[in-house]
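A.B. asks: Number 335 in my numbering belongs to position 22 of the sequence shown; there are no gaps in the numbering.
The C-beta atom is built at its ideal place from N, Cα and C for all residues, glycine as well.
This is the structure I have questions about; it appears just below.
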Amino acid sequence: MIVADRKPLEEILESIKDFDKIVLMGCGGCVTICFSGGAKSVELLASQIKIARKKQGKEIEIIECTPERQCEFEYIDPCKEKFESVPVVLSIACGVGVQTMNERHPDTITIPGLNTKFMGYPVEHALWEERCAGCGNCLLEWTGGVCPIARCAKKLLNGPCGGSSDGKCEVDKEIDCVWQIIYDRLKKLNKLENLTAVRKPKDWRTSTSAGQRKVEFKEAML
Ligand code: SF4
Ligand code: SF4
314 MIVADRKPLE EILESIKDFD KIVLMGCGGC VTICFSGGAK SVELLASQIK
364 IARKKQGKEI EIIECTPERQ CEFEYIDPCK EKFESVPVVL SIACGVGVQT
414 MNERHPDTIT IPGLNTKFMG YPVEHALWEE RCAGCGNCLL EWTGGVCPIA
464 RCAKKLLNGP CGGSSDGKCE VDKEIDCVWQ IIYDRLKKLN KLENLTAVRK
514 PKDWRTSTSA GQRKVEFKEA ML
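Here you go:
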């Protein structure tokens with residue numbers, strides 16, 4: 314899932330300081346699961362904004378809505394009545410949701426209330442870790458199902474780097490060296506030979522560094 318974190322309240326207040334009426338739009342998808350953008354988060358943030366603005370002596374009207382997903386036209390279009398009469402929508406969806414709103418409804422500016430972080434999963438209650446960077450050319454089969462692109466600070470394809478110590482990453486001692494994890498995993502799978510061949514540099518043209526990427530599912534057109 315996509316994991317996102319709410320921007321600091323001060324930053325949000327600054328971004329809406331010129332408005333006395335806004336729509337605060339959440340999303341019922343990934344950001345609901347990671348407690349940053351669901352209906353409850355909308356309610357909480359709306360209260361925080363109202364209290365802060367009251368203290369500033371500049372009250373604000375906030376219209377709340379949380380479509381099932383903010384990244385699809387079908388779900389945001391029914392909310393149109395709520396936001397077409399206001400100049401700004403404060404979105405607490407991921408960056409895709411914010412951009413979907415701006416492309417689909419260009420007469421209203423939609424601004425982000427979240428910082429979109431990564432694709433990950435909860436390793437424990439309310440703690441998410443990055444697991445995929447969407448590199449476009451998955452190599453998990455070769456690494457025993459553990460991703461060095463998302464989890465190695467240097468994104469090494471032939472690790473470890475030499476700085477790994479006691480299973481920890483030299484860049485941050487709080488983080489496990491993913492190449493140690495890959496080694497342990499391949500050992501368990503009797504596939505350590507995967508580490509003997511030098512892996513060629515990745516073709517980063519399939520990744521985010523290539524600019525905008527597209528996926529077309531042709532079968533869906535039939
Ligand atoms: S190798 Fe690429 S696609 Fe596969 S999990 Fe890692 S970042 Fe994601
Ligand atoms: S210590 Fe491990 S995780 Fe950290 S940069 Fe080196 S190889 Fe990557």
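1. Helix, strand or coil for K504, going by three-state DSSP, please let me know.
2. Quick check on S404: does DSSP put it in helix, strand or coil?
3. Would you list the one or two residues that DSSP bridges to N450?
4. Okay, do the segment 345 to 358 and the segment 376 to 385 touch, 3+ Cβ pairs below 8 Å being the bar?
5. With a Cβ-Cβ cutoff of 8 Å, do T421 and E437 count as a contact?
6. Could you check where the alpha helix (DSSP H) with K368 kicks off and where it finishes?
7. DSSP on D485, reduced to helix/strand/coil?
8. Out of curiosity, what's the CA-to-CA distance linking S279 and G426?
9. Is it the case that the Cβ atoms of A406 and G447 are separated by a distance below 8 Å?
10. Counting Cβ pairs closer than 8 Å, one from the segment 442 to 461 and one from the segment 511 to 523, do we hit at least three?
11. Need the endpoints of the alpha helix (DSSP H) that R464 sits in, please.
12. In chain order, what are the residues with a CB under 7 Å from some non-hydrogen atom of ligand 1?
13. For W517, verify whether its CB is less than 7 Å away from any heavy atom of ligand 2.
14. Out of E374, L470 and V409, state which residue places its alpha-carbon closest to the alpha-carbon of K395.
15. What whole-angstrom Cβ distance do C264 and E487 have, given they're in contact under 8 Å?
16. For E381, does the three-state DSSP call read helix, strand or coil?
17. Going by DSSP, what residue range makes up the alpha helix (DSSP H) through K395?
18. Could you tell me the boundaries of the alpha helix (DSSP H) in which T345 lies?
19. Taking K468 as the reference, which of D333, A439, V409 and W492 has the closest Cα?
20. Given the structure, does E323 come close to ligand 2, in the sense that its CB is under 7 Å from one of the ligand's heavy atoms?
21. Can P365 and L322 be called in contact, C-beta distance under 8 Å?
22. With a threshold of 6 Å on Cβ separation, who are the neighbours of K334 within its own chain once the five nearest residues in sequence on each side are excluded?
23. When DSSP labels each residue in this structure, what does D390 get in the three-state scheme?
C.D. replies: If we stick to the structure as given:
1. In this structure, K504 counts as coil in the three-state DSSP scheme.
2. Here S404 sits in strand by DSSP.
3. Answer is none; N450 lacks a bridge partner.
4. Proximity of the segment 345 to 358 to the segment 376 to 385 meets the contact definition, three or more beta-carbon pairs being nearer than 8 Å.
5. For T421 and E437, no; Cβs fall outside 8 Å.
6. Counting along the chain, the alpha helix (DSSP H) containing K368 begins and ends at A352 to Q369.
7. It is coil, neither helix nor strand.
8. Because the chain in this structure spans residues 314 to 535, residue 279 falls outside the shown range and cannot be described.
9. Inclusion of A406 and G447 in the CB contact set at 8 Å is not warranted, their separation being larger than that value.
10. Yes, they touch.
11. From DSSP, the alpha helix (DSSP H) with R464 extends over P461 to R464.
12. Having a Cβ closer than 7 Å to some heavy atom of ligand 1 are R444, C445, A446, G447, C448, G449, N450, C451, L452, L453, C460, I462 and A463.
13. W517: no, Cβ never under 7 Å from ligand 2.
14. Cα-wise, what sits closest to K395 is E374.
15. Coverage of the chain is limited to positions 314 through 535, which leaves residue 264 absent and any answer about it impossible.
16. Under the three-state reduction of DSSP, E381 is assigned to coil, being neither helix nor strand.
17. That run of the alpha helix (DSSP H) goes K393 to F396.
18. Its alpha helix (DSSP H) spans residues C343 to I346.
19. Per the Cα distances, W492.
20. No heavy atom of ligand 2 is found nearer than 7 Å to the CB of E323.
21. Per the sequence presented here, residue 365 reads as Ala, with Pro not at that position. Cβ distance < 8 Å, so A365 and L322 count as in contact.
22. Answer for K334: E374 and V399, listed in chain order.
23. When secondary structure is reduced to three states using DSSP, D390 falls in the helix class.
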